[in-house]
Amino acid sequence: MSDNRDEVDGLVAAWRRERPDLDVAPLEVLSRITRLARQLDIARRAAFAKHGLETWGFDVLAALRRAGTPYQLTPGQLIHENLVTSGTITNRLDRLESDGLLSRHPDPSDGRGTLVRIT
Numbered sequence: 039m040s041d042n043r044d045e046v047d048g049l050v051a052a053w054r055r056e057r058p059d060l061d062v063a064p065l066e067v068l069s070r071i072t073r074l075a076r077q078l079d080i081a082r083r084a085a086f087a088k089h090g091l092e093t094w095g096f097d098v099l100a101a102l103r104r105a106g107t108p109y110q111l112t113p114g115q116l117i118h119e120n121l122v123t124s125g126t127i128t129n130r131l132d133r134l135e136s137d138g139l140l141s142r143h144p145d146p147s148d149g150r151g152t153l154v155r156i157t
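Going letter by letter, the sequence shown gives residues 39 to 157 in our numbering.
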C-alpha cells in the first residue's frame, strides 16, 4: 500500500505532535485550499501562455467579453471588474493595445471619456 501523505499531512502532524492542545483542523483546510489555489494558478498561467497571454491580460479581455456586444467598457468599469488601481489598468490597457488585442475610442456620451473595446 502506498503512502499518499503530502506536505499538508506532515505540517498538521507536526502541529498535533508539538501542540496537541490546539485544534489544527482549520489549518489543514486552509492549507489544502492554498495548495489547490497554487496548482490552479500554475495551470491557468500555462494555458494562457500557449496563446501569448498572461493571466492579467485574460482578465481584462474576459471582462470586455462579458460586457456583451459591442464588447466595450470604460477604464473605470475595468478597474472595478479587475480589482486594480487606475495606474495598473492604464499599463495593462497600453500593453494589450500595443499587442492589437483591444482599442480605445472616445466615449460619445462623455467627451472626456474613453471606451475600451476588444479588437
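C-beta: ideal position from N, C-alpha, C; glycine also. On a predicted model such as this, the values are computed, not experimentally measured, just so you know.
Beta-carbon spacing of residue i, residue j below 7 Å
i, j, result
"Leu116", "Ile127", "yes"
"Trp94", "Arg130", "yes"
"Val46", "Val62", "no"
Boundaries of the alpha helix (DSSP H) in which residue i is found, first to last residue
i, result
"His118", "Pro113 to Asn120"
"Arg150", "No alpha helix (DSSP H) holds Arg150; the beta strand (DSSP E) holding it covers Asp148 to Ile156."
"Leu99", "Thr93 to Arg104"
"Asp79", "Ala63 to Ala87"
"Asp47", "Glu45 to Glu56"
"Gly125", "Ser124 to Ser136"
Boundaries of the beta strand (DSSP E) in which residue i is found, first to last residue
i, result
"Arg142", "Leu140 to Asp145"
Cβ-Cβ separation, residue j to residue i (assumed contact under 8 Å), whole Å
i, j, result
"Val98", "Leu134", "6 Å"
| request: Taking 8 Å as the threshold, find out whether the stretch 145-155 comes into contact with the stretch 105-122 through three or more Cβ pairs. | output: yes
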